[in-house]
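Peer 1: So that we are looking at the same thing, I have put the structure below in structure tokens.
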Amino acid sequence: MFTYFKQNKLKERVNLFKEILNSCVLCPRECKINRLEGEIGFCGAGIKPKIFSYQVHFGEEPPISGERGSGTIFFSHCSNRCIYCQNWRFSQLGEGKEVSISELAQIMLELQEKGCQNINLVTPTHYLPQILEALQRAIAEGLNLPLVYNTSGYERIEILKLLEGIIDIYLPDMRYGDDEVAFKYSQMKNYVQVNQRAIKEMYRQVGNLVLENGVAERGLIIRHLVLPNNLAGTEKVIKFIKEEISSYCYLSLMSQYYPFYKAKEVPLINRSITHKEYQRACAIIFDLGLENGWVQEGIDEMTRLDFAGEYFNPFI
Numbered sequence: 289m290f291t292y293f294k295q296n297k298l299k300e301r302v303n304l305f306k307e308i309l310n311s312c313v314l315c316p317r318e319c320k321i322n323r324l325e326g327e328i329g330f331c332g333a334g335i336k337p338k339i340f341s342y343q344v345h346f347g348e349e350p351p352i353s354g355e356r357g358s359g360t361i362f363f364s365h366c367s368n369r370c371i372y373c374q375n376w377r378f379s380q381l382g383e384g385k386e387v388s389i390s391e392l393a394q395i396m397l398e399l400q401e402k403g404c405q406n407i408n409l410v411t412p413t414h415y416l417p418q419i420l421e422a423l424q425r426a427i428a429e430g431l432n433l434p435l436v437y438n439t440s441g442y443e444r445i446e447i448l449k450l451l452e453g454i455i456d457i458y459l460p461d462m463r464y465g466d467d468e469v470a471f472k473y474s475q476m477k478n479y480v481q482v483n484q485r486a487i488k489e490m491y492r493q494v495g496n497l498v499l500e501n502g503v504a505e506r507g508l509i510i511r512h513l514v515l516p517n518n519l520a521g522t523e524k525v526i527k528f529i530k531e532e533i534s535s536y537c538y539l540s541l542m543s544q545y546y547p548f549y550k551a552k553e554v555p556l557i558n559r560s561i562t563h564k565e566y567q568r569a570c571a572i573i574f575d576l577g578l579e580n581g582w583v584q585e586g587i588d589e590m591t592r593l594d595f596a597g598e599y600f601n602p603f604i
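Read left to right, the sequence shown gives residues 289 to 604 (the working numbering).
Okay, here's the thing in structure tokens:
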């Protein structure tokens, strides 16, 4: 929850983040373009935050959605180029509406008024300066929900360190266990090291998941999307979590891969995963001894396209 300490952190960090926009290094691309002067980098984001949608969302992991839903804000643009992205219309093509800082603050307050369990910032990295300024205004008007940082996991630890004491729940992907695969399908250089360092920093800040009446208050949940032909390198990813994070870290093993966007034309990744592929991934979790998390019941068309909380089963 928001505290006096968190308010002071925000006050301290807002101006620092604004300065970064002079030579933008918010993500690992480190474009160093001047966004304050209207220059556009790899992500495609301008100076004003752009939002595709915001909603009370019940399709996240059970502790994130809770009974009242997650106050999810989907930001347009992205610093990655995943050829199978299901959100490609706004992540790759940049669809959405630009909003002012005041409007973004009011969106957060509106989601709180609707009873949401948290404010869930989806793909927020390239808009962090604007988001933090909006948070500062929203807090002044009564916002007091936990903040979820919902990210691809391709993050600079120098930027993550500046979020310490502000973000309550980190919800990152661990997408790949191999750098060549990561670059081929998402154009992410040096992905494994960058991602692993980011996950370690997130865990250092918030630790294992803390639940209050089944709802997340603080902590780390890692997502791993199973890809066809073991392109995600699931065993490498799970081993890292077990050996270098914690066997008690919560993992969400996702089965809903579908060849969206450009993936239908690309061999090896132009199909959905099979039941056998997903069961193999589940077996790795149990064999390596992870204690907490969720697997999905089905891998039919509906769960791939928009899985809801009831499709998640806790590890047993």
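Think of the CB as a built atom: it goes at the ideal place given N, C-alpha and C, for glycine as much as any other residue.
Going by DSSP in three states, V482 sits in which element: helix, strand or coil?
Peer 2: As a working mapping, residue 482 is identified with position 194 in the sequence shown. Correct three-state label for V482: helix.
Peer 1: Quick one: any contact between the segment 413-425 and the segment 358-376, if contact means 3 or more CB pairs under 8 Å?
Peer 2: Output reads yes: the segment 358-376 touches the segment 413-425.
Peer 1: According to the neighbour-count rule (16 or more other Cβ atoms, all chains shown, within 10 Å of its Cβ), is I604 buried or exposed?
Peer 2: Translated into positions along the sequence shown, residue 604 becomes position 316. Its pLDDT being 38, under 50, I604 is placed unreliably by the model, and nothing is read from it.
Peer 1: Does the segment 311-318 touch the segment 451-462, meaning 3 or more C-beta pairs lie closer than 8 Å?
Peer 2: no
Peer 1: How long is the line joining the alpha carbons of Y566 and L515, rounded to whole angstroms?
Peer 2: As a first step, residue 566 is located in the sequence shown; it is residue number 278 there, counting from the start. As a first step, residue 515 is located in the sequence shown; it is residue number 227 there, counting from the start. Rounded to whole angstroms, Y566 to L515 spans 9 Å at the Cα level.
Peer 1: Which residue's Cα is closest to the Cα of L626: T562, E531, S560, E553?
Peer 2: No statement about residue 626 is possible, as the shown extent of the chain runs from 289 to 604 and does not include it.
Peer 1: Runs of 3 residues minimum, wholly inside the segment 371-421: which ones carry the beta strand (DSSP E) assignment?
Peer 2: 407-410
Peer 1: With the cut-off set at 7 Å, would you say A422 and L392 are in Cβ contact?
Peer 2: Your numbering for residue 422 matches position 134 in the sequence shown. Your numbering for residue 392 matches position 104 in the sequence shown. Yes, they are a contact pair.
Peer 1: Spatial neighbours of K306 within its chain, please: C-beta separation below 7 Å, excluding the five flanking residues on both sides.
Peer 2: Indexing the sequence shown from 1 puts residue 306 at position 18. Taken in chain order, the residues that qualify are P417.
Peer 1: Look at the alpha carbon of Y491 and the alpha carbon of L508, and state the distance between them as a whole number of angstroms.
Peer 2: Position 203 of the sequence shown, counting from 1, holds the residue named residue 491. Position 220 of the sequence shown, counting from 1, holds the residue named residue 508. If I take the Cα positions, the gap works out to 6 Å.
Peer 1: Measure the alpha-carbon distance for Y546 versus R463 and round it to whole angstroms.
Peer 2: Position 258 of the sequence shown, counting from 1, holds the residue named residue 546. Position 175 of the sequence shown, counting from 1, holds the residue named residue 463. One C-alpha to the other measures close to 15 Å.
Peer 1: Hey, Y372 and F548 are a contact pair by Cβ (cut 8 Å); roughly how many whole angstroms apart?
Peer 2: As a working mapping, residue 372 is identified with position 84 in the sequence shown. As a working mapping, residue 548 is identified with position 260 in the sequence shown. The pair is a contact, with the Cβ atoms about 5 Å apart (cut-off 8 Å).
Peer 1: What three-state label does DSSP hand V313 in the structure shown?
Peer 2: Taking the first residue of the sequence shown as 1, we reach residue 313 at position 25. In the three-state DSSP reduction, V313 falls in the coil class, being neither helix nor strand.
Peer 1: With a threshold of 16 other CB atoms inside 10 Å of the CB of H563, please say whether the residue is buried or exposed.
Peer 2: On the sequence shown, position 275 is the one that residue 563 refers to. H563 should be labelled exposed.
Peer 1: So, for M542: in the same chain, excluding its five sequence neighbours on each side, which residues have a beta-carbon less than 8 Å away from its beta-carbon?
Peer 2: What you label residue 542 is simply residue 254 of the sequence shown in a count that begins at 1. Exclusion of the five residues before and after M542 leaves R511, H512, L513, V514, Q584, F595 as the residues of its chain whose Cβ lies within less than 8 Å of its Cβ.
Peer 1: For I447 and Q484, what's the separation of their Cα atoms in angstroms?
Peer 2: Position 159 of the sequence shown, counted from the start, is the residue given in the question as residue 447. Position 196 of the sequence shown, counted from the start, is the residue given in the question as residue 484. Rounded to the nearest angstrom, the two C-alpha atoms are 15 Å apart.
Peer 1: Do the segment 553-563 and the segment 498-505 make contact, defined as three or more Cβ pairs closer than 8 Å?
Peer 2: no
Peer 1: Classify D456 as helix, strand or coil using the three-state DSSP reduction.
Peer 2: The residue labelled residue 456 in the question sits at position 168 within the sequence shown. D456: coil per DSSP, three-state reduction.
Peer 1: Quick check on DSSP: helix, strand or coil for I573?
Peer 2: Here residue 573 is taken as the residue at index 285 of the sequence shown, counted from 1. In this structure, I573 counts as helix in the three-state DSSP scheme.
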